[in-house]
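Visitor: Going by our numbering, the first residue of the sequence shown is number 124, and it counts up by one from there. Glycine included, C-beta positions come from ideal geometry on N, C-alpha and C.
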Amino acid sequence: MPSDSPAMDLEDVPGVGAKTAERLRELDDPAGALEREDVAAVASAPGISTGRAARIVRGAIRARHDDPGGFLATDRAREVYDAVLALLQERATTAYAEHRLATLYPTASASRIEEVAAFAERARERSLDPAVREALTDVEPITRPDGVTVRDRCLATADAETYQAATAAFPELPVEIVDDARGLADLARGYSSVVALDEAFAGVAIDGDVTVDPNAFDHPAEHVPERALAFFATNRASLRAAATVHRRAGMDAPVDLDELEGALADLAADGSVAGDDELERLSVAVDDLDAAVSTAESVANDRLREAIEERDVTIEGADLLSLVERGAGVDSLLSRELADEYAEAVTAAREHVADALALRDDEADLAVRIFGDEPTYPVERRDEAVSRLREELVAERDRRAAKRKRDLAARLADLRAGASDLVRDALELDVELAVARFCADFDCAPATRGGAGFDIESGRSPLLDVPFDEVEPVDYGVDGVALLSGVNSGGKTSTLDLVAVVVVLAHMGLPVPAEAARVPDVEELHYHAKSQGTLDAGAFESTLRDFAALTRGADAKCVLVDELESITEPGASAKIVAGILEALHGAGATGVFVSHLAGEVRDAADYDVDVDGIRAVGLEDGELVVERSPEKDLLARSTPELIVEKLAGEADDAAFYEDLLEKFDADAA
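#1: Which value, in whole angstroms, describes the spacing of the CA atoms of E555 and A563?
#2: For the region 535 to 552 and the region 193 to 207, state whether three or more C-beta atom pairs, one from each stretch, are separated by less than 8 Å.
#3: Suppose you measure from the CA of A328 to the CA of D303; what does that come to, to the nearest Å?
#4: Less than 8 Å separating the beta-carbons of H346 and A353?
#5: Rounded to whole angstroms, what is the Cα-Cα separation between N611 and A679?
#6: Using the three-state DSSP reduction, which class does C562 fall into: helix, strand or coil?
#7: Let me confirm a value: G613 is counted as buried when at least 16 other C-beta atoms fall within 10 Å, else exposed. Which label applies?
#8: Assuming A225 and A177 are in contact, meaning their beta carbons sit under 8 Å apart, how far apart are those beta carbons, in whole angstroms?
#9: To the nearest angstrom, report how far apart L489 and V416 are at their CA atoms.
#10: Let me know the secondary structure DSSP gives G313 once reduced to three states.
#11: May I ask you to report which of helix, strand or coil DSSP gives E299?
#12: By how many angstroms is the C-alpha of L538 removed from the C-alpha of S315?
#13: Over the uninterrupted beta strand (DSSP E) stretch that includes A647, give me the two end residues.
#14: Would you give the residue range spanned by the alpha helix (DSSP H) that T290 belongs to?
#15: Identify every residue that forms a DSSP beta bridge with D735.
#16: To the nearest angstrom, how far is the alpha carbon of D530 from that of D393?
#17: Ignore the nearest five residues each way along the sequence and tell me which others in G711's own chain have a CB closer than 8 Å to its CB.
#18: Can you tell me where the alpha helix (DSSP H) with L758 in it begins and where it stops?
#19: Short check: CB of A166 to CB of T173, under 8 Å?
#20: Rounded to whole angstroms, what's the CA-CA distance from S718 to R560? Just pull it up for me.
#21: Tell whether a beta-carbon distance below 8 Å holds between I579 and G600.
#22: Given a cut-off of 8 Å on the beta-carbon distance, is the pair V317 and A325 in contact?
#23: Between which residues of its own chain and V423 is the CB-CB distance below 7 Å, once the five residues before and five after are set aside?
#24: What distance in whole Å lies between the Cβ atoms of I737 and E750, which are believed to be in contact at a cut-off of 8 Å?
#25: Quick one: what does DSSP say R426 is sitting in, helix, strand or coil?
#26: Buried or exposed for S696, going by 16 or more other Cβ atoms inside 10 Å?
#27: Taking the alpha carbon of V558 as the point to measure from, which residue in V136, K142, T216 has its own alpha carbon closest?
#28: Quick check: what's the CA-CA separation for E248 versus R371?
#29: Roughly how many angstroms separate the alpha carbons of D381 and S752, rounded to a whole number?
#30: Just the C-alpha distance for A351 and P153, rounded to the nearest angstrom, thanks.
#31: With which residues is Y599 paired in a DSSP beta bridge?
#32: To the nearest angstrom, report how far apart L628 and L383 are at their CA atoms.
#33: Taking the straight line between their C-alpha atoms, what separation do you get for Y650 and Q212?
#34: Am I right that P569 and P634 are in contact with their C-beta atoms under 8 Å? What's the rounded C-beta distance?
#35: Can the beta-carbon of Y795 be found less than 8 Å from the beta-carbon of M631?
#36: I'd like to know whether the C-beta atoms of L673 and L621 end up nearer to each other than 8 Å.
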């Protein structure tokens with residue numbers, strides 16, 4: 124629900140002090156995050172939880188709409204809002220949406236109400252596809268990867284300012300100061316690759332992997348591809364889920380989904396490149412080299428041992444004497460007698476290394492040198508040849524991995540902004556769907572605002588502890604301030620709750636649980652719940668002060684009160700309630716006072732107080748039967764009167780009960 128208003132200073136946001144503002148400034152675009160109401164982005168600032176982020180965003184909304192707050196003026200009003208918010212949050216799929224919904228609140232700001240109303244209208248048009256909700260379960264806000272560090276290569280410069288800039292732009296890489304080409308050469312001996320940032324080094328011949336790139340700041344993915352790879356590896360599951368959400372919901376994606384999913388398929392969970400058979404071959408060859416050579420030794424020695432065991436070698440005395448005189452040993456004997464067998468054994472060993480490591484021809488040529496042609500027993504590897512082959516395989520692996528990393532990082536770097544938007548849009552969709560589910564579950568319709576009093580047609584309170592489809596619809600409206608009478612358990616309090624819910628939702632900008640509704644534009648909702656017993660003198664005085672404050676000022680108010688007469692003796696209560704009604708009537712407030720003393724209050728008031736009643740039809744099997752919609756100009760009968768009326772219709776002691784009924788009739792007159 125972003126607006127077009129100018130960005131505000133961070134410390135102008137209610138609840139944001141200097142320390143919090145400093146944390147927010149570590150974001151790439153803190154003002155934009157607040158403007159977009161992006162709770163996840165704000166929560167990515169260091170030390171700020173998601174709940175805290177929601178409160179900060181809410182404060183930014185208030186500041187943007189010049190909203191001083193205070194709409195929910197009493198504890199019971201806040202409880203109704205909390206209950207409504209909980210019903211909304213229950214319909215969210217992601218934790219993000221739950222916190223994001225907390226930025227919706229009742230207000231007197233017309234601009235904010237209209238802003239949310241437009242959002243809600245879009246939300247109600249969303250299809251509630253279960254497949255979309257299923258995909259949303261795996262969508263989480265974008266997170267920053269843990270610190271990425273690269274130590275096998277470095278940047279080099281002779282300039283102090285360039286050093287500072289490179290340190291800030293490439294926190295993942297070591298940045299070294301060098302004085303000349305000799306210093307650059309020294310670095311090349313300690314790092315696998317060096318990137319010189321100064322044009323002055325161009326054309327200097329230096330041994331090692333040294334490149335000169337004064338424009339490295341313009342294409343960081345080429346020199347530190349791990350940055351993009353770590354970002355996408357960390358958020359891979361969420362990005363894939365967000366892509367699925369967009370496809371299933373038919374949403375326009377801010378990034379090419381096929382391109383993104385293809386790039387993610389080439390990325391392993393640890394940030395390395397996946398799906399490259401050649402790179403996999405080289406990696407396995409490096410890892411398995413020692414094991415393959417050891418096995419090859421065994422292969423050669425086993426074959427040679429078998430050949431020796433199978434051969435009868437005869438050495439004449441003169442030949443033996445000649446061998447001894449020449450200092451010859453077994454090797455010479457092998458060379459003379461078992462040369463062919465030795466060659467076959469070594470060939471088998473070489474082939475085993477080549478096959479086990481899946482070596483190419485040029486690599487297999489290096490493997491040949493691991494076992495010499497001169498016969499020996501036992502056959503032993505040449506460690507220098509093994510090291511040479513390892514160096515070649517590692518170098519080839521690292522070259523290919525680096526190239527694949529750079530290529531993949533280049534693909535992903537161009538997708539990063541769109542990928543972040545992809546996830547945010549999916550999460551915001553969940554916010555819309557939660558509102559859409561709320562509206563669908565409670566048969567909500569947009570309310571109008573304006574005029575005096577309120578009108579509710581076929582309204583049903585979602586706060587009742589019964590299934591919503593079993594709640595009886597209520598029609599009710601008042602013009603100004605009215606008294607609401609009715610029997611115990613007849614639905615007076617639930618009617619007050621319904622009015623409070625409608626007023627709260629309408630001032631949040633959300634549809635209300637009714638076929639149609641109109642509420643007045645008010646700046647404060649005062650809902651006073653039923654008092655628990657008679658108050659002591661101090662509490663009674665405090666309560667009177669609270670009501671006296673309602674009559675001060677020009678702010679439009681909606682006042683809902685449940686059985687205020689219980690605060691003191693019935694006789695005094697009627698007079699006090701009458702006086703409060705007079706003051707609120709004079710102030711042009713909208714309100715409903717539930718009272719069992721409606722008749723007494725009406726008699727004590729100095730103006731014609733509207734008295735509405737919830738009509739009791741009678742008793743059936745001991746259960747009260749009522750018409751839930753309040754009737755205008757009706758002083759409803761009490762439960763005792765209904766019981767007396769029921770008994771008067773019976774044969775036993777009928778006269779006694781009829782006399783009692785006459786007293787009720789006299790009081791009503």
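Guide: According to the data block:
#1: If you number the sequence shown from 1, residue 555 lands on position 432. If you number the sequence shown from 1, residue 563 lands on position 440. The straight-line gap from Cα to Cα measures roughly 12 Å.
#2: no
#3: Stepping through the sequence shown from its first residue, residue 328 is reached at position 205. Stepping through the sequence shown from its first residue, residue 303 is reached at position 180. Taking the straight line from one Cα to the other gives about 12 Å.
#4: To locate residue 346, count along the sequence shown from 1; it is residue 223. To locate residue 353, count along the sequence shown from 1; it is residue 230. No, they are not a contact pair.
#5: Start at 1 with the first residue of the sequence shown, and residue 611 comes out as number 488. Start at 1 with the first residue of the sequence shown, and residue 679 comes out as number 556. C-alpha separation (whole angstroms): 31 Å.
#6: As a first step, residue 562 must be located in the sequence shown, where it is residue number 439. Note: C562 maps to helix in three-state DSSP.
#7: Sequence index remark: in the sequence shown, residue 613 carries index 490 (1-based). G613 should be labelled buried.
#8: Here residue 225 refers to the residue found at position 102 of the sequence shown. Here residue 177 refers to the residue found at position 54 of the sequence shown. Between A177 and A225 the Cβ distance is about 5 Å, and since that is below 8 Å, they are a contact.
#9: Locating residue 489 in the sequence shown gives position 366, where the first residue counts as 1. Locating residue 416 in the sequence shown gives position 293, where the first residue counts as 1. Cα-Cα distance, rounded: 13 Å.
#10: Within the sequence shown, the letter at position 190 stands for residue 313. If DSSP states are grouped into helix, strand and coil, G313 belongs with the helices.
#11: On the sequence shown, residue 299 is found 176 positions in, with the first residue counted as 1. E299 falls in the strand class under three-state DSSP.
#12: Locating residue 315 in the sequence shown gives position 192, where the first residue counts as 1. Locating residue 538 in the sequence shown gives position 415, where the first residue counts as 1. The alpha-carbon atoms of S315 and L538 are separated by roughly 29 Å.
#13: Residue 647 sits at position 524 when you count from the first residue of the sequence shown. Note on identity: in this sequence residue 647 is Glu, with Ala being the wrong assignment. Residues 647 to 651.
#14: For the purposes of this step, residue 290 is taken as residue 167 along the sequence shown, with counting starting at 1. Residues 283 to 292.
#15: Looking up residue 735 in the sequence shown gives position 612. Paired residues: L607.
#16: Counting from one through the sequence shown, the residue named residue 530 turns up at place 407. Counting from one through the sequence shown, the residue named residue 393 turns up at place 270. Spanning the two alpha carbons is a distance of roughly 17 Å.
#17: Taking the sequence shown and counting its residues from 1, the one referred to as residue 711 is at position 588. If we look at G711 and ignore the five residues flanking it on each side, its Cβ neighbours are A575, G603, A679.
#18: Here the question's residue 758 lines up with position 635 in the sequence shown. Counting along the chain, L758 falls outside any alpha helix (DSSP H), and DSSP gives it neither H nor E.
#19: Here residue 166 is taken as the residue at index 43 of the sequence shown, counted from 1. Here residue 173 is taken as the residue at index 50 of the sequence shown, counted from 1. It is a contact, given that the beta carbons lie within the stated cut-off.
#20: Within the sequence shown, numbered from 1, the residue matching residue 718 stands at position 595. Within the sequence shown, numbered from 1, the residue matching residue 560 stands at position 437. Spanning the two alpha carbons is a distance of roughly 36 Å.
#21: Position 456 of the sequence shown, counting from 1, holds the residue named residue 579. Position 477 of the sequence shown, counting from 1, holds the residue named residue 600. It is a contact, given that the beta carbons lie within the stated cut-off.
#22: Position 194 of the sequence shown, counting from 1, holds the residue named residue 317. Position 202 of the sequence shown, counting from 1, holds the residue named residue 325. In this structure, A325 does not lie closer than 8 Å to V317 by Cβ.
#23: Numbered from 1 along the sequence shown, position 300 holds the residue referred to as residue 423. A quick correction: the sequence has Ala, not Val, at residue 423. Within the same chain, A423 has close Cβ partners A468, V469, A471, A472, F494, V502.
#24: Position 627 of the sequence shown, counting from 1, holds the residue named residue 750. Position 614 of the sequence shown, counting from 1, holds the residue named residue 737. The Cβ separation is near 7 Å, so the contact holds.
#25: The residue labelled residue 426 in the question sits at position 303 within the sequence shown. Of the three classes helix, strand and coil, the one that applies to R426 here is helix, per DSSP.
#26: Within the sequence shown, residue 696 is the residue found at index 573, counting from 1. Buried, because 16 or more other Cβ atoms sit within 10 Å of the Cβ of S696.
#27: Numbered from 1 along the sequence shown, position 435 holds the residue referred to as residue 558. Nearest of V136, K142, T216 to V558, Cα basis: T216.
#28: Stepping through the sequence shown from its first residue, residue 248 is reached at position 125. Stepping through the sequence shown from its first residue, residue 371 is reached at position 248. In a straight line, the C-alpha of E248 is about 15 Å away from that of R371.
#29: For the purposes of this step, residue 381 is taken as residue 258 along the sequence shown, with counting starting at 1. For the purposes of this step, residue 752 is taken as residue 629 along the sequence shown, with counting starting at 1. Answer to the nearest angstrom: the Cα atoms are 57 Å apart.
#30: Within the sequence shown, numbered from 1, the residue matching residue 351 stands at position 228. Within the sequence shown, numbered from 1, the residue matching residue 153 stands at position 30. Rounded to whole angstroms, A351 to P153 spans 22 Å at the Cα level.
#31: What you label residue 599 is simply residue 476 of the sequence shown in a count that begins at 1. Y599 is bridged to I579.
#32: Residue mapping note: residue 628 aligns to position 505 of the sequence shown, counting from 1. Residue mapping note: residue 383 aligns to position 260 of the sequence shown, counting from 1. Rounded to the nearest angstrom, the two C-alpha atoms are 40 Å apart.
#33: Taking the sequence shown and counting its residues from 1, one reaches residue 650 at position 527. Taking the sequence shown and counting its residues from 1, one reaches residue 212 at position 89. Near 23 Å, if we compare the C-alpha coordinates of Q212 and Y650.
#34: Within the sequence shown, numbered from 1, the residue matching residue 569 stands at position 446. Within the sequence shown, numbered from 1, the residue matching residue 634 stands at position 511. Contact holds; Cβ gap of about 5 Å.
#35: Here the chain covers residues 124 to 792 and nothing more, so residue 795 does not appear.
#36: By 1-based counting over the sequence shown, the position of residue 673 is 550. By 1-based counting over the sequence shown, the position of residue 621 is 498. No. Outside cutoff.
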